[in-house]
């Protein structure tokens with residue numbers, strides 16, 4: 071999800087460019103840098119392009135909803151600004167996206183692809199060396215949220231901090247309807263098989279489109295030589 075604070079984005083882009091020019095990167099240059107967030111296109115000495123993005127986050131508390139999980143790269147770099155309530159003080163932390171996501175026992179999903187909460191305090195201080203660890207993307211995030219939804223139905227209701235949600239009633243109604251309409255595992259498997267087939271066809275078209283794009287770029291480079 072892009073940061074909609076254009077002033078924050080413009081300043082961050084400016085400072086990134088200044089810092090890059092002071093670095094020892096000699097074989098690549100910035101051919102484009104733009105908002106929202108920090109979207110950079112690098113070009114090497116052979117005119118090959120490399121696109122990267124640094125996400126910008128801002129809050130006045132400590133926890134905000136992050137980007138939607140379906141298209142989220144957990145290893146993306148993040149710069150997180152925490153502002154005082156009157157905007158007189160600013161604190162910054164940074165790190166890989168996944169550092170800010172706290173473990174959840176009973177997370178909620180929103181009215182679209184889930185947006186995991188991220189915590190400002192989980193990120194690194196500016197004085198710390200970058201944590202270069204990478205993690206694998208959660209390919210089974212749907213199963214993870216399904217388990218969280220079921221776990222919520224069996225939570226300890228004696229805990230005062232546990233909040234009720236409309237999603238609890240929603241999950242109960244799904245289970246109730248599945249039972250009353252005799253929806254079997256075979257029905258679900260047939261649906262999954264059809265969906266996988268459509269996704270493979272879609273991916274094949276996407277790969278073909280990328281292949282044609284790469285071919286056009288190759289011919290363009292050869293023409294410019």
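In the working numbering, the protein residues as written are 71 to 295. Built from N, CA and C at the ideal position, the CB exists for glycine as well.
- Query: Can you list, in chain order, the residues of its chain whose CB lies under 7 Å from that of residue 135, leaving out five sequence neighbours each side?
  - Reply: By 1-based counting over the chain shown, the position of residue 135 is 65. Hits under 7 Å: 185 and 187.
- Kindly indicate the opening and closing residues of the beta strand (DSSP E) around residue 125. Looking up residue 125 in the chain shown gives position 55. 119–129 is the span of the beta strand (DSSP E), which, as asked, contains residue 125.
- Cα-Cα separation, residue 72 to residue 125: Counted from its first residue, the chain shown places residue 72 at position 2. Counted from its first residue, the chain shown places residue 125 at position 55. Residue placement at residue 72 cannot be trusted, given a pLDDT of 48 that sits under 50; the coordinates are not used to answer.
- Test item: CB-CB of residue 154 and residue 130 under 9 Å: Counted from its first residue, the chain shown places residue 154 at position 84. Counted from its first residue, the chain shown places residue 130 at position 60. In contact: residue 154 and residue 130 (Cβ atoms closer than 9 Å).
- Query: Can you check whether the CB of residue 168 is closer than 9 Å to the CB of residue 212?
  - Reply: Counted from its first residue, the chain shown places residue 212 at position 142. Counted from its first residue, the chain shown places residue 168 at position 98. No, Cβ-Cβ distance for residue 212 and residue 168 is not below 9 Å.
- Since residue 150 contacts residue 127 with CB under 8 Å, what's their CB separation in whole angstroms? If you number the chain shown from 1, residue 150 lands on position 80. If you number the chain shown from 1, residue 127 lands on position 57. Indeed, because the Cβ distance is near 4 Å, the residues count as touching under 8 Å.
- Where residue 190 falls, given that 16 or more other Cβ within 10 Å makes a residue buried: In the chain shown, counting from the first residue as 1, residue 190 sits at position 120. Per the 10 Å Cβ criterion, buried.
- Please specify which runs of the alpha helix (DSSP H), each continuous and at least 4 residues long, are wholly inside the segment 195–238, giving them in chain order. Counting only unbroken stretches of 4 or more residues, the alpha helix (DSSP H) elements lying wholly within the segment 195–238 are 211–223, in sequence order.
- Please classify residue 234: is it buried, with 16 or more other beta-carbons within 10 angstroms of its beta-carbon, or exposed? Within the chain shown, numbered from 1, the residue matching residue 234 stands at position 164. Result: exposed.
- Item | Buried versus exposed, by CB contacts within 10 Å (16 or more), residue 248 | In the chain shown, the residue the question calls residue 248 occupies position 178. Counting Cβ neighbours within 10 Å, residue 248 comes out exposed, since fewer than 16 surround it.
- Message: With H, G and I counted as helix, E and B as strand and the rest as coil, what does DSSP make of residue 185?
- Response: Start at 1 with the first residue of the chain shown, and residue 185 comes out as number 115. Secondary structure at residue 185: coil, using DSSP grouped into helix, strand and coil.
- Task: Indicate whether residue 106 and residue 79 have their beta-carbon atoms separated by less than 9 Å.
- Result: What you label residue 106 is simply residue 36 of the chain shown in a count that begins at 1. What you label residue 79 is simply residue 9 of the chain shown in a count that begins at 1. Against a cut-off of 9 Å, the Cβ pair of residue 79 and residue 106 comes out as a contact.
- By Cβ distance below 8 Å, which residues in the same chain neighbour residue 86 in space, the five residues on each side in sequence not counted? If you number the chain shown from 1, residue 86 lands on position 16. Excluding five sequence positions before and after residue 86, the CB atoms of its chain that fall closer than 8 Å to its own CB belong to 103, 108, 110 and 124, given in chain order.
- Task: Within the same chain, show all residues whose beta-carbon is closer than 7 Å to that of residue 96, passing over the 5 residues directly before and after it, in chain order.
- Result: Against the chain shown, residue 96 aligns to sequence position 26. Contacts found: none.
- Message: Let's see if you can read the secondary structure: which residues bound the alpha helix (DSSP H) around residue 34?
- Response: The question about residue 34 has no answer, for the chain in this structure spans 71 to 295.
- Taking 9 Å as the cut-off, decide whether the C-beta atoms of residue 171 and residue 192 are in contact. Taking the first residue of the chain shown as 1, we reach residue 171 at position 101. Taking the first residue of the chain shown as 1, we reach residue 192 at position 122. Yes, the pair counts as a contact, with Cβ atoms nearer than the cut-off.
- Just the C-alpha distance for residue 112 and residue 121, rounded to the nearest angstrom, thanks. Here residue 112 corresponds to residue number 42 of the chain shown, with the count starting at 1. Here residue 121 corresponds to residue number 51 of the chain shown, with the count starting at 1. Going by the C-alpha atoms only, they are around 6 Å apart.
- Tell me whether residue 142 is buried or exposed, calling it buried when 16 or more other Cβ atoms sit within 10 Å of its Cβ. Stepping through the chain shown from its first residue, residue 142 is reached at position 72. Buried.
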